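Asker:
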Amino acid sequence: MREETLVTNIIRHKRVIEGMITALVADSAVAEDLFQEVAIIMTRKREEATEDCRFVAWARSIAVNVVRDWRKRLARHPLQLLDDASLDEVAAEFDRDDWDDRRQALKHCTEELPARERQVVEMRYAHGEPVAEMASTLSMSRGALDTMLYRVRKALYMCVEGRLRGTP
Amino acid sequence: MIDPALLIHRYLEGLLDAEEGREFNARVKAEPEFRALLARMSYDVAALRNLLASEAAPASLHGPRSAVSGLRFAWPVAAAAAVLIGIVAMVLFSGTPATGPTVISGKTETVNGRMVVKETAVIRFLDGATAELESSTEAVIHSKGVDLQRGGGRFRGAVRVSALGAIVSGGEFKVVIHADSLIINGDVEIDRGGLRTRSTGEKIVAREKRGAEHREWVRHDRELRQASITLERAIEIATRKGGAAVEAKLEEDEGKIVFEVKLAGGEKVEIDAVSGEEIDRDPEKTSAAPAITLANAIEIALRDVPGKAVEVDVEKDAIEVLIVWGDRLVWVKIDSKSGAVVDRGIEED
Chain A
47 MREETLVTNI
57 IRHKRVIEGM
67 ITALVADSAV
77 AEDLFQEVAI
87 IMTRKREEAT
97 EDCRFVAWAR
107 SIAVNVVRDW
117 RKRLARHPLQ
127 LLDDASLDEV
137 AAEFDRDDWD
147 DRRQALKHCT
157 EELPARERQV
167 VEMRYAHGEP
177 VAEMASTLSM
187 SRGALDTMLY
197 RVRKALYMCV
207 EGRLRGTP
Chain B
574 MIDPALLIHR
584 YLEGLLDAEE
594 GREFNARVKA
604 EPEFRALLAR
614 MSYDVAALRN
624 LLASEAAPAS
634 LHGPRSAVSG
644 LRFAWPVAAA
654 AAVLIGIVAM
664 VLFSGTPATG
674 PTVISGKTET
684 VNGRMVVKET
694 AVIRFLDGAT
704 AELESSTEAV
714 IHSKGVDLQR
724 GGGRFRGAVR
734 VSALGAIVSG
744 GEFKVVIHAD
754 SLIINGDVEI
764 DRGGLRTRST
774 GEKIVAREKR
784 GAEHREWVRH
794 DRELRQASIT
804 LERAIEIATR
814 KGGAAVEAKL
824 EEDEGKIVFE
834 VKLAGGEKVE
844 IDAVSGEEID
854 RDPEKTSAAP
864 AITLANAIEI
874 ALRDVPGKAV
884 EVDVEKDAIE
894 VLIVWGDRLV
904 WVKIDSKSGA
914 VVDRGIEED
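Protein chains in written order, with the numbering used here: chain A, 47 to 214; chain B, 574 to 922.
Here it is in structure tokens:
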């Protein structure tokens, strides 16, 4: 695969690959780091991929190995919540073509959020602020903030699904 | 049974307790709909980060806020957009010349004097040189150069790029930090502590680490590259005449790479790691053999950590196998009676 094609594809599918890694490691910051590793490996292996290959499937095969390596590096830490045997199956869920529609719907739904909820989502997901720090900043209890985050996430999810079904 | 969206939300937030963790994994295995929901909710996290970060991030240095960040675009469109933004930036700043490097496209943030690249960013220096920094790159931008701390990019013109103790310069080149190494592509000069070398094509420069663990890894990695047989094969050769191995390791002995294998009968055998021939056998006080063989222990350990074994040793109730795995040394402890993996970890300084 030519470098230009590779860069095009990495830019186009960045969120899908990051989302895939997030599903496997349950940590956004780690997912960002591992995405970098995946991108570097793809750059080094680009000759192995054809111009018309299924890019996300190729990225998936690399990402799952990068995640496995990461899990081994954390061998001293027993907390690995997603079973190793499920990594491939979960990653395979990302091998679809409708993610761009989802992103557009999510953009609309985010814009419709009330200011306070948008602020919470922005602090947590755009800036990666720890929930404990957010709770202090927002003068909320940890439990109340957890509940609020879930409520907002669920509202966003329902909004996105509604838009995708054509019933916003 | 917990609401699936709540269970996944708690997983993604790192809030699952042990019982929820079991339910989560059971449902991932058994329910395709649950896996699909996990994928969608995880994608939302990544998309939200990109969507909101690109909207929230402030402009940095002298750069304009990018109009294209966060949008999906194909490469030609991105390139055209970058050019367009560059032109807009030049128009915007034509009356007030920049006094330092300028971000002409992309999205960046400044954190404690360090630039954090949110979306691929192009920086133009006063002499026209450019640095195209990849997303997630972290760097300090100077008037004539870039101190890379993470990530990397492509550089054109008289830009000096320093990273991991090396300074790279050249006409057009690419530098990326990967783990503890620099991957450099192009016709460049590399300055490491005043020692200058030229390089064409791809060059990988490892960070000079002073930790004992890293020195040990470097030694083992070098020895492994020279050895043509494995630790397991050396044990097999050493025990041909009988006896059970109780310790084995790869080492350099007077310039020769050898496997030293100690046998329960009170012997130490040296095997040439290149030819596989036995080169020495001496009496040596040794411990008793464990219930499972060291060869079995190595096989079990390598199934757990797929690298190359360089040392195996019998401890009180366990057999410890030291493995070169990537750029790390990893140890795996095997129960010397049951053969179960009881612990593992990365060798640390």
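Glycine residues also receive a C-beta, built at the ideal position from the N, C-alpha and C atoms. Just so you know, these numbers come straight off a predicted model, no measurement behind them.
1) For A/S74, does the three-state DSSP call read helix, strand or coil?
2) When Cβ atoms are compared, which residues of the stretch 611-625 of chain B fall closer than 8 Å to chain A?
3) Is the distance from the Cβ of A/M88 to the Cβ of A/I67 below 8 Å?
4) Span of the beta strand (DSSP E) holding B/H537?
5) Assuming B/V914 and B/I865 form a contact by the criterion Cβ under 8 Å, report the distance between their Cβ atoms to the nearest whole angstrom.
6) Assuming B/V601 is part of the beta strand (DSSP E), what are its boundary residues?
7) How close, in whole Å, do the beta carbons of A/V84 and A/A109 come, if the pair is a contact with beta carbons under 8 Å?
8) Look at the alpha carbon of B/V778 and the alpha carbon of B/A739, and state the distance between them as a whole number of angstroms.
9) Return yes when the Cβ of A/V113 is within less than 8 Å of the Cβ of A/L70, no when it is not.
10) Please work out which residues of its chain come closer than 6 Å, Cβ to Cβ, to A/E50, disregarding the five sequence neighbours upstream and downstream, and give them in chain order.
11) State buried or exposed for B/A612, treating a residue as buried only when at least 16 other CB atoms are found within 10 Å of its CB.
12) What span of residues does the alpha helix (DSSP H) with A/E135 cover, start to end?
13) Based on the DSSP output, what are the partners of B/I919 in its beta bridges?
14) Tell me which same chain residues have a C-beta within less than 6 Å of the C-beta of B/D886, skipping the five on either side of it?
15) Since A/D144 is in the beta strand (DSSP E), which residue starts that stretch and which ends it?
16) Confirm, please, whether the CB-CB distance from A/W116 to A/L80 is below 8 Å.
17) Give every residue of the same chain whose Cβ lies closer than 6 Å to the Cβ of A/C155, excluding the five residues on either side of it in the sequence, and list them in chain order.
18) Name, please, each residue of chain A whose Cβ falls closer than 8 Å to the Cβ of B/R901.
19) What's the C-alpha gap between A/L191 and B/E692?
20) In terms of alpha-carbon separation, which member of B/V684, B/I677, B/T683, B/V831 lies closest to B/A704?
21) Show which residues of chain B have a CB atom less than 7 Å away from the CB atom of A/Q82.
22) Are the stretch 901-910 of chain B and the stretch 831-850 of chain B touching by the rule of at least three beta carbon pairs closer than 8 Å?
23) When you compare the stretch 608-624 of chain B with the stretch 166-174 of chain A, are there three or more beta-carbon pairs, one atom per stretch, that lie closer than 8 Å?
24) Does chain A have any CB closer than 8 Å to the CB of B/N869?
25) Using the Cα positions of A/R122 and B/R917, report the straight-line distance between them to the nearest angstrom.
26) State yes or no: is the beta carbon of B/H793 nearer than 8 Å to at least one beta carbon in chain A?
27) Going by DSSP, what residues sit across from B/D845 in a beta bridge?
28) Do the CB positions of B/I830 and B/E851 come within less than 8 Å of each other?
29) In its own chain, which residues sit with a C-beta less than 7 Å from the C-beta of B/V618, not counting the 5 before and 5 after it?
30) Using the Cα positions of B/V897 and B/I810, report the straight-line distance between them to the nearest angstrom.
31) Which residues of the stretch 589-604 of chain B have a Cβ closer than 7 Å to any Cβ of chain A? Give them in chain order.
32) By the criterion of Cβ-Cβ separation under 7 Å, what are the contact partners of B/R608 in chain A?
33) Would you identify the three-state DSSP class for B/E692, choosing helix, strand or coil?
34) How far does the alpha helix (DSSP H) with B/I714 in it reach, from first residue to last?
35) Buried or exposed for A/Q82, going by 16 or more other Cβ atoms inside 10 Å?
36) Kindly list the residues whose CB is nearer than 6 Å to the CB of A/R209, restricted to its own chain and excluding five residues on each side of it in sequence; keep chain order.
Answerer: Once the coordinates are examined:
1) helix
2) L611, A612, R613, M614, S615, Y616, D617, V618, A619, A620, L621, R622, N623, L624, L625
3) A/I67 sits away from A/M88, with the two beta carbons spaced by 8 Å or more.
4) This structure does not reach residue 537 of chain B, given that chain B is present from 574 up to 922, and the question cannot be answered.
5) No, B/V914 and B/I865 are not in contact; Cβ-Cβ is about 12 Å, not under 8 Å.
6) It is not in any beta strand (DSSP E) - B/V601 instead sits in the alpha helix (DSSP H) that spans 591-603.
7) About 5 Å; that satisfies the 8 Å criterion.
8) 8 Å
9) The answer is yes: Cβ separation under 8 Å.
10) none
11) By the neighbour-count definition (other C-beta atoms within 10 Å, threshold 16), B/A612 is a buried residue.
12) That run of the alpha helix (DSSP H) goes 133-138.
13) B/V903
14) E820, E893
15) First-last for A/D144: undefined, no H or E at that position.
16) yes
17) Answer for A/C155: L202, C205, V206, listed in chain order.
18) R119
19) 30 Å
20) B/I677
21) S709, G724
22) Contact between the stretch 901-910 of chain B and the stretch 831-850 of chain B is absent, because fewer than three Cβ pairs lie under 8 Å.
23) yes
24) no
25) Residue placement at A/R122 is poorly supported in this model, since its pLDDT is 42, which falls under 50; the coordinates are not used for a value here.
26) Output row for B/H793: interface = no.
27) B/V831
28) no
29) L585
30) CA-to-CA, the gap between B/V897 and B/I810 works out to about 22 Å.
31) If you check each beta-carbon in the stretch 589-604 of chain B against every beta-carbon of chain A, the ones closer than 7 Å belong to L589, G594, F597, N598, V601, K602.
32) E135, V136, E139
33) strand
34) It is not in any alpha helix (DSSP H) - B/I714 instead sits in the beta strand (DSSP E) that spans 711-714.
35) buried
36) A151
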